[in-house]
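Mapped onto the numbering used here, the consecutive letters of the sequence shown carry residue numbers 174 to 652.
Every residue gets a Cβ at the ideal spot worked out from N, C-alpha and C, and that includes glycine.
Note that the coordinates shown come from a computational prediction; the quantities given were computed from them, not determined experimentally.
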Amino acid sequence: MTIIAGPLRPVHMPYMSTYDFIVIGSGPSGRRAAIQAAKLGRSVLVVEKGRRVGGVSVHTGTIPSKTLRETVLNLTGWRERGFYGRAYRVKKDIRADDLMARLHMTLDHEVDVLEHQFARNAVTWVQGTARFLDAHRIEVSGADGEVHIYEGVRFLIAVGTRPFRPADVPFNGHSVVDSDEIVEIPRLPRSLTVVGAGVIGVEYATIFSALDVQVSLVEPRATFLDFIDHELIEDFLHQLRDRGMTIRFGSKVERIEMDEGHAVTVLESGRRLRSEMLLYAAGRVGATDSLNLESCGLTVDNRGRLSIDPKTFQTEVPHIYAAGDAIGFPSLASTSMEQGRIAACHAFGIPMPPAPEFFPYGIYSVPEMSTVGLSEQQVQSRGIAYECGIARFRETSRGHIMGLNAGMMKMIFALDDRRLLGVHIVGEGATELVHIGQAVLNLKGTLDYFIENTFNYPTLAEAYKIAALDAWNRMARLT
Ligand SMILES: Cc1cc2nc3c(=O)[nH]c(=O)nc-3n(C[C@H](O)[C@H](O)[C@H](O)COP(=O)(O)OP(=O)(O)OC[C@H]3O[C@@H](n4cnc5c(N)ncnc54)[C@H](O)[C@@H]3O)c2cc1C
Numbered sequence: 174m175t176i177i178a179g180p181l182r183p184v185h186m187p188y189m190s191t192y193d194f195i196v197i198g199s200g201p202s203g204r205r206a207a208i209q210a211a212k213l214g215r216s217v218l219v220v221e222k223g224r225r226v227g228g229v230s231v232h233t234g235t236i237p238s239k240t241l242r243e244t245v246l247n248l249t250g251w252r253e254r255g256f257y258g259r260a261y262r263v264k265k266d267i268r269a270d271d272l273m274a275r276l277h278m279t280l281d282h283e284v285d286v287l288e289h290q291f292a293r294n295a296v297t298w299v300q301g302t303a304r305f306l307d308a309h310r311i312e313v314s315g316a317d318g319e320v321h322i323y324e325g326v327r328f329l330i331a332v333g334t335r336p337f338r339p340a341d342v343p344f345n346g347h348s349v350v351d352s353d354e355i356v357e358i359p360r361l362p363r364s365l366t367v368v369g370a371g372v373i374g375v376e377y378a379t380i381f382s383a384l385d386v387q388v389s390l391v392e393p394r395a396t397f398l399d400f401i402d403h404e405l406i407e408d409f410l411h412q413l414r415d416r417g418m419t420i421r422f423g424s425k426v427e428r429i430e431m432d433e434g435h436a437v438t439v440l441e442s443g444r445r446l447r448s449e450m451l452l453y454a455a456g457r458v459g460a461t462d463s464l465n466l467e468s469c470g471l472t473v474d475n476r477g478r479l480s481i482d483p484k485t486f487q488t489e490v491p492h493i494y495a496a497g498d499a500i501g502f503p504s505l506a507s508t509s510m511e512q513g514r515i516a517a518c519h520a521f522g523i524p525m526p527p528a529p530e531f532f533p534y535g536i537y538s539v540p541e542m543s544t545v546g547l548s549e550q551q552v553q554s555r556g557i558a559y560e561c562g563i564a565r566f567r568e569t570s571r572g573h574i575m576g577l578n579a580g581m582m583k584m585i586f587a588l589d590d591r592r593l594l595g596v597h598i599v600g601e602g603a604t605e606l607v608h609i610g611q612a613v614l615n616l617k618g619t620l621d622y623f624i625e626n627t628f629n630y631p632t633l634a635e636a637y638k639i640a641a642l643d644a645w646n647r648m649a650r651l652t
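Set out below in structure tokens:
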């Protein structure tokens, strides 16, 4: 449902109405900010250029990729293979239609919930592309050529990002695609080259590999996902290679060519990788170029991102806030929602305490990884004396029941005061399990929490106890 504020006018007679808060973009940061401001009794307008609300998160990013992953794990029987062997399949001959059916149901449901939240909280939303006319007015152009002008007391720029698409990559929407297009492919390829081993590239590479697609992952740098503890990455890489994925690090792409419908990735080394499909996933750029930011005195960096005050999310123009991927790191739906809420609270006089120091990072690859706090490399570079504890999921009774033969948890503790410094998990349930570590970390808890408390049995969370006892025994040997 699109609610248009005011009567529709022809282009030469723009209608103008005023709102306390105008939010541009309906992704996680925009929608959370809009609802927060509405709950504070403010009049709120959300402008969204997409046909439906939800942003990149709902339509091309977080939710589609996670739905695809869940469908693949279910239809392939991936989680049961520990018991029934690598050849086990729930459904033979999985097609793109099988994946799309569940995707569309999930997205429809997400959009329904969002529209209902907007309606319940009296948030008005209009479909159209917004651009600033000056620091207090925007012009919104609808798909049908209608133009409206809205005046705002405060603004939030929540326009997110779009895939980085270099001119020399022959994108065609079916055999050479970006990360927005891959969720709508009409047919599954038998081979896939993924260029870029960032979070998005790694997630899709491993999801397609779980579908028995022959995957090559190409990354120009010698390492990848450097913010994750290196021991975890080693374990992860071992699992990927073990199932036949080709991984080429330190491989710069010289050019991408088409040959009889196949994508040929030519590396600087001279090596050629031929595949039915190529996913180009080498970063994203801020979707700020159409906002006419000069008219309100704002500038962006070379990737189209805005700079803000990290405590308040105000730009250099104090009544204009920015949040979400348009401000850069960490570029997560989870953190974007919090940024939007903090910005709205600040805008309407309810300053929030700064966000806790540590937030979790979830990588929904197959297997999944999650991490919170400091990695062993960060602890070392800060010169903190520490000890680690490790638990393997196959050592837990729950792991036996589930047939897990991979997966590990690593915990890091300070030697002087036993404080928990970091938790790093690869394997089944990692993105859920990490929150126990996050709570203890942000509440400044120690090793003793895990030693003294009883955990449900049999659970994967028992790994916390096992890893903590491992660290405790090592620390005992040091004294
Ligand atoms: C493939 C993929 C997987 C991801 N997986 C995860 C994950 O598992 N967990 C996680 O936390 N994060 C994940 N992310 C990141 C997450 O999607 C983003 O961090 C989040 O969507 C950013 O939210 P945002 O508020 O910046 O708005 P976005 O979701 O980026 O939406 C911005 C909206 O603004 C609209 N817009 C842009 N310009 C205008 C304009 N001029 N006028 C009107 N509207 C405009 C766009 O149409 C869009 O709807 C993933 C991203 C991708 C691409």
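Please state whether DSSP places residue i in a helix, a strand or coil.
{"i": "Arg416", "result": "coil"}
{"i": "Glu560", "result": "strand"}
{"i": "Ser190", "result": "strand"}
{"i": "Arg565", "result": "strand"}
{"i": "Arg476", "result": "coil"}
{"i": "Tyr534", "result": "strand"}
{"i": "Val439", "result": "strand"}
{"i": "Val155", "result": "Any question about residue 155 goes unanswered here, given that the chain covers just 174 to 652."}
{"i": "Leu616", "result": "coil"}
{"i": "Glu433", "result": "coil"}
{"i": "Val596", "result": "strand"}
{"i": "Met542", "result": "strand"}
{"i": "Val332", "result": "coil"}
{"i": "Leu276", "result": "helix"}
{"i": "Thr302", "result": "strand"}
Between the alpha carbons of residue i and residue j, how many angstroms are there, rounded?
{"i": "Gly552", "j": "Leu405", "result": "Reading the sequence as shown, one finds Val at residue 552 and not Gly. If I take the Cα positions, the gap works out to 15 Å."}
{"i": "Asp643", "j": "Glu541", "result": "23 Å"}
{"i": "Ile609", "j": "Gly228", "result": "30 Å"}
{"i": "Thr297", "j": "Gln487", "result": "23 Å"}
{"i": "Gly580", "j": "Arg567", "result": "7 Å"}
{"i": "Glu549", "j": "Ala649", "result": "20 Å"}
{"i": "Ser238", "j": "Met510", "result": "18 Å"}
{"i": "Leu446", "j": "Asp317", "result": "44 Å"}
{"i": "Gly572", "j": "Trp251", "result": "15 Å"}
{"i": "Arg268", "j": "Leu361", "result": "6 Å"}
{"i": "Thr302", "j": "Ala378", "result": "33 Å"}
{"i": "Leu633", "j": "Leu606", "result": "8 Å"}
{"i": "Lys583", "j": "Ala640", "result": "7 Å"}
{"i": "Arg225", "j": "Ile380", "result": "27 Å"}
{"i": "Lys638", "j": "Pro359", "result": "46 Å"}
{"i": "His289", "j": "His282", "result": "11 Å"}
{"i": "Thr191", "j": "Ser507", "result": "30 Å"}
{"i": "Leu471", "j": "Ala460", "result": "14 Å"}
{"i": "Leu272", "j": "Ile401", "result": "30 Å"}
{"i": "Ala274", "j": "Pro483", "result": "40 Å"}
{"i": "Asp415", "j": "Leu588", "result": "36 Å"}
{"i": "Thr240", "j": "Leu651", "result": "47 Å"}
{"i": "Val263", "j": "Glu253", "result": "9 Å"}
Near residue i, which residues of its chain fall below 7 Å by C-beta distance, leaving aside the five closest residues on each side in sequence?
{"i": "Ala436", "result": "Ser348, Val349, Thr366, Ile429, Ser448, Met450, Leu451"}
{"i": "Val458", "result": "Thr334, Arg335, Phe337, Arg476, Gly477"}
{"i": "Ala295", "result": "Ala211"}
{"i": "Gly602", "result": "Leu633"}
{"i": "Asp621", "result": "Arg591"}
{"i": "Arg215", "result": "Asp193, Phe194, Phe521"}
{"i": "Ser463", "result": "Thr302, Arg304"}
{"i": "Glu221", "result": "Gly198, Ser199, Trp298, Gln300"}
{"i": "Ala564", "result": "Met581, Met582, Ala636, Ile639, Ala640, Asp643"}
Taking Cβ positions, are residue i and residue j nearer each other than 9 Å?
{"i": "Thr233", "j": "Val356", "result": "yes"}
{"i": "Ile311", "j": "Tyr494", "result": "no"}
{"i": "Ile236", "j": "Thr279", "result": "yes"}
{"i": "Leu287", "j": "Val332", "result": "no"}
{"i": "Ser442", "j": "Ile420", "result": "no"}
{"i": "Gly223", "j": "Ser202", "result": "no"}
{"i": "Leu577", "j": "Gly371", "result": "no"}
{"i": "Ala395", "j": "Gly423", "result": "yes"}
{"i": "Ile139", "j": "Pro631", "result": "Residue 139 cannot be examined here, being either before or after the span of the chain that is shown, 174 to 652."}
{"i": "Ile523", "j": "Ile500", "result": "no"}
{"i": "Ile672", "j": "Leu547", "result": "Residue 672 lies beyond the stretch modelled for the chain, which goes from 174 to 652, so this question has no answer here."}
{"i": "Phe531", "j": "Pro503", "result": "no"}
Take residue i and list the residues in its own chain whose beta-carbon comes closer than 6 Å to its own, dropping the five residues that flank it on each side.
{"i": "Glu635", "result": "Thr569, Phe628"}
{"i": "Ala206", "result": "Val196, Leu329, Gly513, Ala516, Ala517"}
{"i": "Ser352", "result": "Pro336, Ile373, Ala454"}
{"i": "Gly535", "result": "Ser543, Thr604"}
{"i": "Val375", "result": "Ser538"}
{"i": "Val284", "result": "Arg225, Gly227"}
{"i": "Pro183", "result": "Per-residue confidence for Pro183 stands at a pLDDT of 37, beneath the threshold of 50, marking its modelled position as unreliable; the derived number appears in the next sentence. Around Pro183: no qualifying Cβ."}
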